[in-house]
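Here's the structure we're looking at; comments come further down.
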Amino acid sequence: MAAFSKIKALLPSLSSSEEKLALYILNSPGDLRDLSSQKLASIVGVSQSSVIKFAQKLKYKGYPALKLGILDDLNNVETDHQKLHGRIAVGDDYETMSSKLLQSKIAVLNQTKNLNDKHSFAEAIILLQEAKRVLITGLGGSALVGKDFSFKLQKLGIAAISEIDGHAQLAIASTLGETDLVFALSESGATREVVNVVTEAVANKTPVISLTKFGDTAVSMHAQVRLYSVAEEAATRISSILARTAQELVIDMLFISLMQTSSKRRAMLEKSRKVVSEFRNY
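For the sequence shown, our numbering assigns the number 333 to the initial residue and increments by one for each residue that follows.
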């Protein structure tokens, strides 16, 4: 479902011709099987170059790659759409409620995995490994995910800082330099306090890793490495449960990747586990 997720994420920022293409593809994805870029352009009423540029905006090399992505999504489009937007009603019994929630989480996890690529993860791992200090910035539900990530990094011996207060985050950002790192979490990519921290980091030449919805956002536009999670639509939001689920997948993947690349960090993690385990025996 990565292709559909990308299109939906970019809808608010598309030009008129791009919006026509996006809506046509979302409403009639099966039609692409028999359409060349030229035919698609003619049906929608845009230029062929607009089709190619639209595909590239979605991070595909060209229309054939976009077409393949859409057609790959089609096998599960109805199921995944229902899962992601299934609403839990007040009157739902336990079985219905738990099934809807489970299905929603599975759909979000799959889409988030497909939005990211191994090259971006590899670059993020390098920045995390080389950073002297890592400031994790985010508000609300993102701050909770950030706090979890800071604990994980600290157990690997990485100096990670996570403060809930936006002003505290900004103050710490002002002390960072080129050897430090900012990890910015924002579901929308437009959280004002997170944008302020990222802007301060850029002024100090501090590298930034962003974790936002797909597309160009006020946060991700300043990042050396862009990672993505599926953002929930306001009408389907359940206290950011799905957004946090998506973000947690990304930080867990980073955590595991860091362990895979360093025997020293694996040893530190085992040491921390052992110390806590011994303490529990008292």
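Beta carbons: idealized from backbone N, C-alpha and C, even for Gly.
DSSP links I402 through a beta bridge to no other residue. In terms of CA proximity to D449, V557 leads the group V557, S594, Q461 and I339. Proximity to A475 across L517, M429 and A533 peaks at L517, based on C-alpha coordinates. Between the alpha carbons of I573 and F546 lies a distance of about 18 Å. Close CB contacts of V529 within its chain, under the 6 Å cut and outside five residues either way in sequence, are with T469, Q501, L502 and A505 (chain order). Residue pairing by DSSP puts I541 in a beta bridge opposite F515 and V557. By the neighbour-count criterion, in which 16 or more other beta carbons inside 10 Å mark a residue as buried, K389 falls on the buried side. With contacts defined as CB atoms closer than 8 Å, V466 and I493 qualify as a contacting pair.
Between I541 and L559, the C-beta gap is smaller than 8 Å, which places the two residues in contact.
N442 counts as buried, since at least 16 other C-beta atoms from the protein chains shown sit within 10 angstroms of its C-beta. Relative to T544, the option among K537, T538, A555 and N536 whose CA is nearest is A555. A residue is called buried once 16 or more other Cβ atoms fall within 10 Å of its Cβ, and F481 is buried on that count. The three-state reading of DSSP puts T577 in helix, counting H, G and I together.
Closest in C-alpha terms to R365, from the list I402, S337, A463 and S349, comes I402.
Short of 8 Å from the beta carbon of L406, and not among the five residues preceding or following it, lie these beta carbons of its own chain, in chain order: P361 and G362. A straight-line Cα-Cα distance of about 15 Å links I458 and K596. Of the residues assessed, R524 falls on the exposed side of the cut-off, its CB having fewer than 16 other CB atoms within 10 angstroms. For A492, the enclosing beta strand (DSSP E) covers residues A492 to S494.
Annotation for L581: L441 and T444 place their beta carbon closer than 6 Å to its own, counting only its chain and skipping 5 residues before and after.
Q486 and S382 have their alpha carbons spaced roughly 47 Å apart. By the CB criterion at 8 Å, A575 and E519 fall inside the cutoff. In this chain, the alpha helix (DSSP H) harbouring V534 covers R524 to A535. For K393 and V527, the gap between their C-alpha atoms comes out near 30 Å. DSSP, reduced to helix, strand and coil, places I420 outside both helices and strands of the structure shown, so it counts as coil. DSSP, read as helix, strand or coil, puts V466 in strand. The DSSP-derived three-state label of T428 is helix.
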